[in-house]
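Undergrad:
Number of protein chains: 2
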Amino acid sequence: MALEHAILVSLRERAASGSELTRRFDKSFGYFWSATHQQIYRTLARMEADGWIASVVVPQQGKPDTKVYDVADRGAEVLAAWLVEPTPATPLRSDLGVKLRGASFAGDRDAVLDVVRGQLADHHARLDLYRQMCKQQFPEPELLRGADLDRYLVLRGGIRFEEGWIGWLTEYVTAHEMASSSSPLPQKDA
Amino acid sequence: MALEHAILVSLRERAASGSELTRRFDKSFGYFWSATHQQIYRTLARMEADGWIASVVVPQQGKPDTKVYDVADRGAEVLAAWLVEPTPATPLRSDLGVKLRGASFAGDRDAVLDVVRGQLADHHARLDLYRQMCKQQFPEPELLRGADLDRYLVLRGGIRFEEGWIGWLTEYVTAHEMASSSSPLPQKDA
DNA sequence: CGACGCATGTAACCTGTTACATGATTGG
DNA sequence: CCAATCATGTAACAGGTTACATGCGTCG
Numbered sequence: 001m002a003l004e005h006a007i008l009v010s011l012r013e014r015a016a017s018g019s020e021l022t023r024r025f026d027k028s029f030g031y032f033w034s035a036t037h038q039q040i041y042r043t044l045a046r047m048e049a050d051g052w053i054a055s056v057v058v059p060q061q062g063k064p065d066t067k068v069y070d071v072a073d074r075g076a077e078v079l080a081a082w083l084v085e086p087t088p089a090t091p092l093r094s095d096l097g098v099k100l101r102g103a104s105f106a107g108d109r110d111a112v113l114d115v116v117r118g119q120l121a122d123h124h125a126r127l128d129l130y131r132q133m134c135k136q137q138f139p140e141p142e143l144l145r146g147a148d149l150d151r152y153l154v155l156r157g158g159i160r161f162e163e164g165w166i167g168w169l170t171e172y173v174t175a176h177e178m179a180s181s182s183s184p185l186p187q188k189d190a
Numbered sequence: 001m002a003l004e005h006a007i008l009v010s011l012r013e014r015a016a017s018g019s020e021l022t023r024r025f026d027k028s029f030g031y032f033w034s035a036t037h038q039q040i041y042r043t044l045a046r047m048e049a050d051g052w053i054a055s056v057v058v059p060q061q062g063k064p065d066t067k068v069y070d071v072a073d074r075g076a077e078v079l080a081a082w083l084v085e086p087t088p089a090t091p092l093r094s095d096l097g098v099k100l101r102g103a104s105f106a107g108d109r110d111a112v113l114d115v116v117r118g119q120l121a122d123h124h125a126r127l128d129l130y131r132q133m134c135k136q137q138f139p140e141p142e143l144l145r146g147a148d149l150d151r152y153l154v155l156r157g158g159i160r161f162e163e164g165w166i167g168w169l170t171e172y173v174t175a176h177e178m179a180s181s182s183s184p185l186p187q188k189d190a
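Chains as they are written, first to last, in full-length UniProt numbering: chain A, 1 to 190; chain B, 1 to 190.
#1: Anything in chain B within Cβ reach of A/V84, meaning under 7 angstroms, just list it in chain order.
#2: Would you kindly check if the distance between the Cβ of B/W168 and the Cβ of A/R156 is under 8 angstroms?
#3: List, in order along the chain, the chain B residues whose C-beta lies closer than 7 angstroms to that of A/E171?
#4: Using a Cβ-Cβ cutoff of less than 8 angstroms, which residues in the same chain neighbour A/Q60 once the five nearest sequence positions on both sides are dropped?
#5: Does DSSP put A/V71 in a helix, a strand or coil?
#6: Taking Cβ-Cβ distances shorter than 7 angstroms, what residues in chain B pair up with A/L92?
#7: May I ask which residues mark the beginning and end of the alpha helix (DSSP H) holding A/V84?
#8: Along the chain, where does the alpha helix (DSSP H) containing A/A15 start, and where does it finish?
#9: Give every residue of the same chain whose Cβ lies closer than 7 angstroms to the Cβ of B/K99, excluding the five residues on either side of it in the sequence, and list them in chain order.
#10: Which residues mark the beginning and the end of the beta strand (DSSP E) in which B/S55 is found?
#11: Am I right that B/W52 and B/A72 are in contact with their C-beta atoms under 8 angstroms? What's the rounded C-beta distance?
#12: Measuring alpha carbon to alpha carbon, tell me which residue in B/G18, B/F32, B/R74 and B/G30 is nearest B/V58.
#13: What number of angstroms, rounded off, separates the C-alpha of A/R145 from the C-alpha of A/T170?
#14: Does A/Q119 come within less than 8 angstroms of chain B when only Cβ atoms are used?
#15: Grouping DSSP H, G and I as helix and E and B as strand, with all else coil, what is B/D189?
#16: Should the segment 88 to 103 of chain B be called in touch with the segment 26 to 42 of chain A, which here means at least 3 C-beta pairs below 8 angstroms?
#17: What residues of chain B sit near A/A103, judged by a beta carbon separation below 7 angstroms?
#18: If I follow the unbroken alpha helix (DSSP H) through B/R131, where does it start and stop?
#19: Cα separation between A/R109 and B/V78?
#20: How many angstroms separate the CA atom of A/R46 from the CA atom of A/A76?
#21: Here's the rule: buried if 16 or more other CB atoms are within 10 angstroms of the residue's CB, otherwise exposed. What is B/A121?
#22: Start and end of the alpha helix (DSSP H) containing A/M178?
#23: List the residues of chain B whose Cβ lies closer than 7 angstroms to the Cβ of A/T87, in chain order.
#24: Which residues in chain B have a C-beta closer than 9 angstroms to the C-beta of A/L79? List them in chain order.
#25: By how many angstroms is the C-alpha of A/L83 removed from the C-alpha of A/A6?
#26: Span of the alpha helix (DSSP H) holding A/T36?
#27: Pull up the CB-CB distance for A/G164 and B/G164, whole angstroms please, since I reckon it's below 8 angstroms.
#28: When the cut-off is 8 angstroms and only beta carbons count, does B/D122 lie next to chain A?
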C-alpha cells in the first residue's frame, strides 16, 4: 500500500488537515497519486490509531474547526524505511488502451476516434497547466536542491507523461486517418 | 469497469479458455491491462451468467479439458456500446512517484537513487522486449489495416511509455548526481 | 432563522490480491 | 501408483469508489 506513505510524504512537507490533504491530492500530488477525501479520512484515522501521526484541533476564522495532523516519530521511521525498499514496476492499466485495441469491434470506427480525440484534448489541457505551473513555481530549476528539486523533477515527470500520451494518441489518430484515406490494399476495400 | 471489456476484446480476437486468457493478459494485453487468473475466472463466470459469452467444453491432448469461451451476441453489443463511450482520463498512480517526491525524508538519499536505478533497469529490459516484438510481429507497419493496425499501434504505446519512464528516471538520477557533486549553494552544504 | 458551504465522517459495494483447494492427466 | 503439472476454481481480505450523513459557521 502506498496511500499511507503518500500522506506521510505530504505531511512531512507540511502539517495539514484532512481537507487540506484532499486538496493537495487533487493538485500537485495528483500527477502521480490520486485519492478521494473518504480514503484520506479513513486512512488518517488508522494512521493515528497506529501512532504514525498525531493531531491537534485548530479553530479557524470563519470556518469550522480542523484537525491538523503531523508526522510522529514512528511515522517518520516507517516512511524512511519504505522509501528505500525496492518498488516493483507498476503495470499500466488504461481503459483507453483497451478501446484502441478493440476499435475494430465497434460498429463505427470513427466514433472511437472521437473518443480518442476527446482524450487528446484533455491531455493537451493538462500539459498546458503543468507547463505553466512549472514555469511559475520553478523559474530557475538548475539552482534547486533537496526537497524542492524533488518536487520539480516529479512535476517534470507529469509533463513527460502528458507529452507521451499526446504523442501516442496523435500517432494512433493519424495512422488511422491515413489508412482510411489511401487504400493500398484494394482487395480489402474493393 | 473494464476487465469485462478487455476480456470481450480478447475473445473477439479469438475464442479462448480461462487459462489461455490468463496467458494473454500476461503478454500482449499486459502493456495496458493486467489481471490474475482468479480475476479472470471470476469475471468469466459472471459474464456467462449474464449471457455476454458462451462456453463449450473441449477435450485436449495430454491435458485436462478446457472450457473455451466465445462472445455471444449480447456481449458483442455491450462491447460495441462501451467502445464509443467517452473515457475519463485515468489518473496516474505510481508508488515510485511518491518515493521520488519524498526522497529527502529517507535517511539515505543514495538508497532511494538505487531504487530508481533498479526500476530503470526493469524499464530498459521491457523496452528491449517490446521493440523486439514490434520488429518481429510487424515488419512492415505501413501496410497494416484494421485490427492488425490497432494491435501494432497499442504496442507502439507500450514502447512509448517505457521510453517515457526511462527519460524521466534518467533525468531524475542525473539531476541528483549533478546536484550532489557540484554545490552552487554553499550556504546549505558548508 | 434558513440556506449554503465546509470539514469530517459512515456505510455499502466493487475490484484486485493472496492463499489455498480440487480434479484430470501425464511421466516416471 | 505417486509426483508433477495444468486448468479451474473458492475464500478471505485490503484498497478504492459512490452515496449518504452530521455538525459547525457564515451570510442573507
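We treat Cβ as the ideally placed atom computed from N, Cα and C, and that holds for glycine.
TA: Let me spell this out:
#1: Correct list: A106, D108, A111, V112 and V115.
#2: Yes, the Cβ-Cβ distance between A/R156 and B/W168 is below 8 angstroms.
#3: Those are L153 and R156, listed as they occur along chain B.
#4: Cβ within range, chain order: T66.
#5: Looking at A/V71 - three-state DSSP - the assignment turns out to be strand.
#6: Per Cβ cutoff of 7 angstroms: Y31, F32 and F161.
#7: Taken as a continuous stretch (DSSP letters only), A/V84 belongs to no alpha helix (DSSP H), as it is neither H nor E.
#8: Premise fails: A/A15 is in no alpha helix (DSSP H) and is neither H nor E.
#9: Hits under 7 angstroms: V112 and V115.
#10: Residues I53 to V58.
#11: With a Cβ gap of about 6 angstroms, B/W52 and B/A72 count as contacting.
#12: When only C-alpha atoms are compared, the closest one is B/G18.
#13: Approximately 36 angstroms between the Cα atoms of the pair.
#14: At least one CB of chain B lies nearer than 8 angstroms to the CB of A/Q119.
#15: Confidence at B/D189 is low in this model, with a pLDDT of 45, below 50, so the placement of that residue is unreliable and no value is reported for it.
#16: With the cut-off at 8 angstroms, the segment 88 to 103 of chain B and the segment 26 to 42 of chain A touch.
#17: Chain order gives the chain B residues near A/A103 as L83 and D150, where near means a beta carbon separation below 7 angstroms.
#18: B/R131 -> alpha helix (DSSP H) spans R109 to Q137.
#19: Going by the C-alpha atoms only, they are around 15 angstroms apart.
#20: Between A/R46 and A/A76, the alpha-carbon positions lie close to 16 angstroms from each other.
#21: That one is exposed.
#22: Judged by DSSP secondary structure, A/M178 falls within the alpha helix (DSSP H) whose first and last residues are G146 to S181.
#23: Neighbours of A/T87 on chain B, chain order: D95, L96, K99, V115 and Q119.
#24: Under the 9 angstroms cutoff, chain B gives G102, F105 and A106.
#25: In this structure, the alpha-carbon of A/A6 lies about 10 angstroms from that of A/L83.
#26: Counting along the chain, no alpha helix (DSSP H) covers A/T36, and no H or E run does either.
#27: 4 angstroms between Cβ atoms; contact.
#28: Among the CB atoms of chain A, one or more fall inside 8 angstroms of the CB of B/D122.
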